[in-house]
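**Student:** Below are the structure tokens for one structure; questions will follow.
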Amino acid sequence: MKPILTVFAVLFILFVNAQNPEKLSKEINEEGIALYHSEMTSWNGTDIFIENYKNRENIGGYFSYLDEGVPKCIFFSKSQKVIGTICFPANYNPKDAKLDLTERDFTPQETEYFTIRKNALERIQNDTIFKIYKDTNLNIVPLIRNKVKKVYVLTGTSAGDTVIFGNDYLITFDHKNQVKNAERLHNTMIVHKINDEEIGHTISGVHSHVIKNWQAMTPTDVCTLMLHQKFTGWESYTTVSKKFVSVWNPSNNLMIMKTENFKGIAENILKNKKEKSESEKKKNSSD
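Taking this note's numbering, the leading residue of the sequence shown gets 455, the next gets one more, and so forth.
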């Protein structure tokens, strides 16, 4: 495992600045960052709202969105009224958040988010493609970008020292906000321990992609990595498939390259390291 991770790190340094990012990499990274902003707003917004709102039985759900660049987390009642609005600054510092518990109607923009979230939830409840594992929950993340409406579904857990990839889904909608398609992004759920019993604190990680339409790192992977970076401290993360190798680093740089090209480069790096090692051994034996 360690030699492979070393190669990944070297490749990242060599190519992330030397190559122009591919269109695919840019699109995935931007979508992942948008997901991260939504989830970070929801994480912090939930803590603030629950601390200040006492009528828990009245809560119907929540969602987050950007309102002219301002991250907002909206809580709504079972009667579909807004009962809490939490606005955040760009740094998401809860201390600087503004909480408004005034009951009101949805704005037109919020109605769009609420509608696709509601329709996604109905699909989740009635489609066997969606799985819920023990000690996990499904997080519904509506996203509207460039007039395209989507709902991502991520798996969350309250278990400490754990990062979950996979068991995630993408739901797309038509112009009437009706579900057009629901699909898996990973074939299963992948659980990473931040601190491994054998090797201690991990510095990186890797998992494979087998679904034909999702061979590169997914936006949900990028979102998960960003959300957990302050806990993991990972220097990089890699996904591998038959078609692509994707490498992400904490600076939010995502490199995607064809697997056959990656293999060739990796083989050359290992070959050069071996030749250098043998050369040093010969030199030391002759001294």
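Quick reminder that beta carbons are idealized off the backbone N, C-alpha and C, glycines included.
Here the structure is a predicted model, which means the values were calculated and not measured.
DSSP state of D622, grouped into three classes?
**Tutor:** One-based indexing of the sequence shown puts residue 622 at position 168. It is coil, neither helix nor strand.
**Student:** Taking DSSP as the reference, what is the three-state secondary structure of L553?
**Tutor:** Mapped onto the sequence shown, residue 553 falls at position 99. In the structure shown, L553 sits in a strand (DSSP, three-state: E or B).
**Student:** Counting only the same chain and skipping the five closest in sequence on each side, list residues whose C-beta sits under 8 Å from that of S496.
**Tutor:** Taking the first residue of the sequence shown as 1, we reach residue 496 at position 42. Correct list, in chain order: Y516, F517, S518, C527, N593 and V595.
**Student:** Going by alpha carbons, who is nearest to R599 out of D615, W668 and F627?
**Tutor:** Residue 599 sits at position 145 when you count from the first residue of the sequence shown. That would be F627, whose Cα lies nearest to the Cα of R599.
**Student:** Applying the criterion that 16 or more other CB atoms from any shown protein chain within 10 Å of the CB defines a buried residue, is L608 buried or exposed?
**Tutor:** Taking the first residue of the sequence shown as 1, we reach residue 608 at position 154. So L608 counts as buried.
**Student:** Since M643 is in the beta strand (DSSP E), which residue starts that stretch and which ends it?
**Tutor:** Translated into the one-based positions of the sequence shown, residue 643 becomes position 189. Looking at the DSSP string, the run of the beta strand (DSSP E) that includes M643 is M643 to K647.
**Student:** With a CB to CB cut of under 8 Å and the five nearest residues on each side skipped, what residues in its chain are close to T611?
**Tutor:** One-based indexing of the sequence shown puts residue 611 at position 157. For T611, where only same-chain residues beyond five positions count, the Cβ hits under 8 Å are D589, T590, N591 and I618.
**Student:** Quick one: any contact between the region 640-647 and the region 697-715, if contact means 3 or more CB pairs under 8 Å?
**Tutor:** Verdict: no, contact absent.
**Student:** Helix or strand or just coil, what does DSSP make of D521?
**Tutor:** Stepping through the sequence shown from its first residue, residue 521 is reached at position 67. It is a strand residue.
**Student:** Around the C-beta of S780, are 16 or more other C-beta atoms found within 10 angstroms, so that it is buried, or is it exposed?
**Tutor:** Residue 780 lies beyond the residue range present for the chain, which begins at 455 and ends at 741; the question has no answer from this structure.
**Student:** On the criterion of 16 or more Cβ atoms from any shown chain inside 10 Å, does L489 qualify as buried, or is it exposed?
**Tutor:** The residue you call residue 489 lines up with position 35 of the sequence shown. By the neighbour-count rule (16 or more Cβ atoms within 10 Å), L489 is buried.
**Student:** Have a look at Q563 and K535 and give me their C-alpha separation to the nearest angstrom.
**Tutor:** Numbered from 1 along the sequence shown, position 109 holds the residue referred to as residue 563. Numbered from 1 along the sequence shown, position 81 holds the residue referred to as residue 535. Cα-Cα distance, rounded: 14 Å.
**Student:** Taking the straight line between their C-alpha atoms, what separation do you get for R558 and I537?
**Tutor:** The residue given as residue 558 occupies position 104 in the sequence shown. The residue given as residue 537 occupies position 83 in the sequence shown. Spanning the two alpha carbons is a distance of roughly 7 Å.
**Student:** Just to confirm the assignment, what range does the alpha helix (DSSP H) spanning T590 have?
**Tutor:** One-based indexing of the sequence shown puts residue 590 at position 136. Not the alpha helix (DSSP H): T590 falls in the beta strand (DSSP E), residues T590 to R599.
**Student:** Comparing alpha-carbon positions, which option in C541, F685 and I570 lies nearest T500?
**Tutor:** As a working note, residue 500 is residue 46 in the sequence shown. Comparing Cα positions, the closest option is C541.
**Student:** In the DSSP assignment, what residue or residues form a beta bridge with T611?
**Tutor:** Looking up residue 611 in the sequence shown gives position 157. Paired residues: T590.
**Student:** Could you check how far apart the C-beta atoms of K532 and N512 are, in whole angstroms? I think they sit under 8 Å.
**Tutor:** Here residue 532 refers to the residue found at position 78 of the sequence shown. Here residue 512 refers to the residue found at position 58 of the sequence shown. Sure, about 6 Å apart at Cβ, within 8 Å.
**Student:** Do S492 and L597 have their beta-carbon atoms positioned less than 8 Å apart in this structure?
**Tutor:** Counting from one through the sequence shown, the residue named residue 597 turns up at place 143. Counting from one through the sequence shown, the residue named residue 492 turns up at place 38. Cβ atoms of L597 and S492: closer than 8 Å.
**Student:** Based on the DSSP output, what are the partners of T539 in its beta bridges?
**Tutor:** One-based indexing of the sequence shown puts residue 539 at position 85. Paired residue(s): I528 and D554.
**Student:** DSSP puts N635 in a beta bridge; with which residues?
**Tutor:** Residue numbering aside, residue 635 sits at position 181 when the sequence shown is read from its first letter. Note: N635 sits in a beta bridge opposite T626.
**Student:** Can you tell which of R571, H646 and K601 has the C-alpha that lies nearest to the C-alpha of F685?
**Tutor:** Taking the sequence shown and counting its residues from 1, one reaches residue 685 at position 231. Of the candidates R571, H646 and K601, the one whose C-alpha sits nearest the C-alpha of F685 is H646.
**Student:** Note down the Cα distance separating E637 from I625, rounded to an integer number of angstroms.
**Tutor:** Residue numbering aside, residue 637 sits at position 183 when the sequence shown is read from its first letter. Residue numbering aside, residue 625 sits at position 171 when the sequence shown is read from its first letter. So the two alpha carbons sit approximately 7 Å from each other.
**Student:** Going along the chain, which residues of its own chain have a beta-carbon closer than 8 Å to the beta-carbon of N649, five neighbours each way excluded?
**Tutor:** As a position in the sequence shown, residue 649 is number 195, starting the count at 1. Closer than 8 Å at the Cβ level, and outside the excluded window around N649, lie D615, H655 and T656.
**Student:** CB S695 to CB T713, shorter than 8 Å?
**Tutor:** As a working mapping, residue 695 is identified with position 241 in the sequence shown. As a working mapping, residue 713 is identified with position 259 in the sequence shown. In this structure, T713 lies closer than 8 Å to S695 by Cβ.
**Student:** Can you check DSSP and say which residues form a bridge with L708?
**Tutor:** In the sequence shown, residue 708 corresponds to position 254, counting from 1. Partner(s): W702.
**Student:** Pick out whichever of V664, V676 and P543 has its Cα sitting closest to the Cα of K697.
**Tutor:** Within the sequence shown, residue 697 is the residue found at index 243, counting from 1. If we check each option's Cα against that of K697, V664 comes out closest.
**Student:** Ends of the alpha helix (DSSP H) at H663?
**Tutor:** Counting from 1 along the sequence shown, the entry for residue 663 is found at position 209. Neither: H663 is in no alpha helix (DSSP H) and is coded neither H nor E.
**Student:** Going by alpha carbons, who is nearest to D622 out of S658, T672 and L553?
**Tutor:** Start at 1 with the first residue of the sequence shown, and residue 622 comes out as number 168. It is T672 whose Cα lies nearest to the Cα of D622.
**Student:** Is R571 near V633, with beta carbons less than 8 Å apart?
**Tutor:** If you number the sequence shown from 1, residue 571 lands on position 117. If you number the sequence shown from 1, residue 633 lands on position 179. Cβ atoms of R571 and V633: not closer than 8 Å.
**Student:** Sort M711, N667, F560 and H682 by Cα distance to S658 and report the nearest one.
**Tutor:** Numbered from 1 along the sequence shown, position 204 holds the residue referred to as residue 658. Here the closest residue by C-alpha is H682.
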